[in-house]
Every structure is written in structure tokens, then in C-alpha cells.
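Data block below; observations after.
Number of protein chains: 2
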Amino acid sequence: MRQTSFADMHCSLARSLEVIGDWWSPLILRDIHLGLRRFGELVEDLGIPRALLAARLDALVGGAVIEKVEYQQRPSRHEYRLTEAGRDLVPVLLALTAWGDRWRSPDGAPIVAHHRCGATTPPAIVCAGCGEPIVAGDLDYSAGPGAATARGTQLIAGVLAGGGRR
Amino acid sequence: MRQTSFADMHCSLARSLEVIGDWWSPLILRDIHLGLRRFGELVEDLGIPRALLAARLDALVGGAVIEKVEYQQRPSRHEYRLTEAGRDLVPVLLALTAWGDRWRSPDGAPIVAHHRCGATTPPAIVCAGCGEPIVAGDLDYSAGPGAATARGTQLIAGVLAGGGRR
DNA sequence: AGGCTTCGGTTCAATAGTTGAACTGACTAG
DNA sequence: CTAGTCAGTTCAACTATTGAACCGAAGCCT
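In order, the protein sequence lines correspond to chains A and B. According to the working numbering, the first sequence is numbered sequentially starting from 1. According to the working numbering, the second sequence is numbered sequentially starting from 1001.
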């Protein structure tokens, strides 16, 4: 019996979590993005058990969000870098960080991001159609082409078909 | 010793994960947002063990992202609803879902979100200063007021002080 | 009144994952 | 030829997850 896999759920959130939903994975990605790319640096920065880091890195490589690159030969040494999919995840992690800044960091943000335009304001999640910031209450949902009634969306399918419940 | 807590790390991403970083928690929040608010509905939709759901709901209530509300008396029955902090998390979950749509759902999105403006396009994460979509390479970082050198940011502090490494 | 059903959990034993310390192996520098 | 660096692996103790069974309060049916 393994920890339940989300890979087969017909939900993109579940599939995303299958790749980066483990306890340490988002922090590993943060560190790699910030420039800590070597095994030893990650161990030292995070205090993560070495066995677990090795397993997580393998999983992230398998999930194609990072890749293992040789940075020197003799002795052969490797480091980890974000792939394109991994870089595409950075804004999401930044948005989650901003949430933590808003709701969990009364003493101020520990890390401040600067956009190349000079702004240090938190990111905004906006509708690509109208440009307005997205607010939970402004959303509605319908079933897409990949929908199914199965574990993880056993009732969701019905809720969506019924025009939603919210 | 239990699973390492991220609560004391000086990183808002770690603090966010402390609340919603567990394996099932984001899916539970998704379901509650979509209208599945009762214990039994969540069990049926997700196939999550009842003991685990009870523990996760308690933790999410403790983390102030959901609240337990009585929806009928005699017999007393409760449901779970997003708090303001929980609703503020919805756009982030939507962004993570969109990432899964882009990179993990070759057959098309299982769930399609509609903004009240009519658009069904995925959300965009933009810089609140200039309005441009945020791309990993356009970011730089510096230490904020809450920074510290401790587990979770043992090396990060130095990297930020040195003007970054990226 | 007595029995069946619903809802929202709790309990439990088996299994799987996490932890931290110690160890390994390839290689280099001195 | 000894010590050191880096990137892991191994291992035993401990925790967490799983899924099935059980529980209790209350309403409904006859």
C-alpha cells in the first residue's frame, strides 16, 4: 500500500500535486531557482535528510521539472536546474509565497522579489481575458474534455454538469 | 520525531506549505470551493480515508483557511467553508491547476474555469507594478525584514545578501 | 416502540514514508 | 599515502497513511 497516487485523477490540480505536492518538493524548487543547485547545498540549506532529498530530486527529474546537468568532469559532478516546465512553475510558487506573506508573516516578508521593471509588489493573478484580478466568487466551472467520474472527481463531475453549486 | 515542521522557517513559501502542503489538503480545498462542503461528500469524491480527512479538516480549520459551520440543528450537522484567507488561496490553486493543464493533461483540461467576464482562458500571473506576465528569468531577490539564517534558509540568506546567484 | 438509515466521525492493525546518523565510493590536493 | 570533498546509500527507529470496521446521536418508517 503506497501513499495514494493522484496521477490518475481527472483533475489537473491533482496531477500537478503528483509532481510537486510532496512535503519538501516546493522548497527544493525554490532553492534551485534561487541558485542552490547542488546536493550538498540543498542539504545544508534545508536540513532535509539526504536520503529524502535524493528521492525527491529523482522524482522531480522524473516529473520533468528539473534536470541533472554535469557541471564538471574529473571528478564528475552534477547539479540540478529547472526545466522549462520548472521555470513555468516559478510564478505559481511566487504567488503561494505572496499568500504566505499576506496571511502568515506578521513580521514582514523574509524574501522580497524584484521584477525587472523595478517593482517589488507581490504578483497579481488576473484573468487573461479581461485583466481583472481573479476573485474566488467571480469563477464558475464546467466539465472539460478530460473530465470523468472516478476517484478524485467522483462527485465533481455531477456538480459541474448540474451547473455548479456555488 | 514527526514530519519536519516548516512553521518556523523564515520563508513565506514554507509557512504556506505548513498550512496547505499536505498530500490531500489542496484537493480538499478545491472540493470545498467547488461546493462539496460535507464530510461525507469529500470522502465519496476523493476516496480519502475518513480518519485522514478528519485530521486534515482540523488542520485546515486550525490554519484558518476553512471554518466549520452548522448548517442544521436537530440533528446537528456541520459543513466546511472557505474563510477569507481560503478564498484568497483559490487563484493560486487555479494557477497550479493551469500549470497541470499545460504540462500534464494532453487530453485537455478536465475542469474549465469561467471568469464572470466570460473568458475561459487560464489565469495569468503578472507583475502588479508593470502588468507584464511574470517570467522566472525576470526576477531578482533580496532579503526582507523577516529574513534570518536558520534551517530552511541556512544558505539562502547569504545568497540574497551577495546580490543573488542567478 | 422498535428497527433501519443518515451523517460525521473514531478506532485499529498493517503497510509505507520520514528521520538522522553513519557509511561508501570516486576522485583530487597536498 | 593521507586527508578532504562531494554525492549519494544504508539502516534502524519512529511516524503517518490506508481501508475496513465500528460508534453514537438523531430522524424516519411502520
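Cβ atoms here follow ideal geometry from the backbone N, Cα and C, with glycine treated the same way.
Closest by C-alpha distance to residue i, when choosing among the options
| i | options | result |
| --- | --- | --- |
| Ala95 (chain A) | B:Val1135, B:Val1061, B:Leu1034, B:Arg1151 | B:Val1135 |
| Thr153 (chain A) | B:Cys1011, B:Ile1156, B:Leu1027, B:Ala1148 | B:Leu1027 |
| Glu18 (chain A) | B:Gly1158, B:Gln1073, B:Trp1099, B:Gly1108 | B:Trp1099 |
| Leu46 (chain A) | B:Arg1151, B:Leu1053, B:Gly1158 | B:Arg1151 |
| Leu155 (chain A) | B:Leu1042, B:Gly1158, B:Leu1052 | B:Leu1042 |
| His1078 (chain B) | B:Arg1087, B:Ala1085, B:Val1061, B:Gly1158 | B:Val1061 |
| Ala1055 (chain B) | B:Ala1157, B:Asp1022, B:Ser1076 | B:Asp1022 |
| Gly1108 (chain B) | A:Gln73, A:Leu57, A:Ala148 | A:Ala148 |
Status (buried if at least 16 other CB within 10 Å, exposed otherwise) for residue i
| i | result |
| --- | --- |
| Arg30 (chain A) | buried |
| Pro110 (chain A) | buried |
| Ile1020 (chain B) | buried |
| Ala1007 (chain B) | exposed |
| Arg1050 (chain B) | exposed |
| Ser5 (chain A) | exposed |
| Gly144 (chain A) | buried |
| Arg15 (chain A) | buried |
| Gly158 (chain A) | exposed |
| Leu1057 (chain B) | buried |
Cβ-Cβ distance between residue i and residue j below 9 Å
| i | j | result |
| --- | --- | --- |
| Ile32 (chain A) | Tyr80 (chain A) | yes |
| Ala1064 (chain B) | Thr1083 (chain B) | yes |
| Asp140 (chain A) | Glu132 (chain A) | no |
| Leu1093 (chain B) | Leu13 (chain A) | yes |
Other residues of its chain near residue i: CB distance less than 6 Å, five sequence neighbours each side excluded
| i | result |
| --- | --- |
| Met1 (chain A) | For Met1 (chain A), the predicted structure reports a pLDDT of 48, less than 50, and the residue's modelled location is therefore unreliable. The matter cannot be settled from this model. |
| Ile48 (chain A) | Trp24 |
| Ser142 (chain A) | Leu160 |
| Val1112 (chain B) | Thr1120 |
| Gly1086 (chain B) | Val1065, Ile1066 |
| His1114 (chain B) | Thr1120 |
| Thr1097 (chain B) | none |
| Cys130 (chain A) | none |
Neighbourhood of residue i by C-beta, 8 Å cutoff - its chain only, sequence neighbours within 5 removed
| i | result |
| --- | --- |
| Pro1091 (chain B) | Pro1123 |
| Leu53 (chain A) | Trp24, Ile28, Phe39, Leu42, Val43, Leu46 |
| Ser1076 (chain B) | Glu1070 |
| Gln3 (chain A) | none |
| Gly162 (chain A) | none |
Spatial neighbours of residue i in its chain, beta-carbon cut-off 7 Å, leaving aside the 5 residues before and after
| i | result |
| --- | --- |
| Gly146 (chain A) | His10 |
| Lys1068 (chain B) | Val1061, His1078, Tyr1080 |
| Gln73 (chain A) | none |
Residue i: CB within 8 Å of a non-hydrogen atom of the ligand MN
| i | result |
| --- | --- |
| His1115 (chain B) | Among the components of this structure there are no ligands whatsoever, and the ligand MN is therefore not found. |
Are at least three pairs of beta-carbons, each pair with one atom in the region 1106–1118 of chain B and one in the region 29–40 of chain A, less than 8 Å apart? no
Cβ pair count under 8 Å reaching 3, the region 1103–1112 of chain B against the region 122–129 of chain A: no
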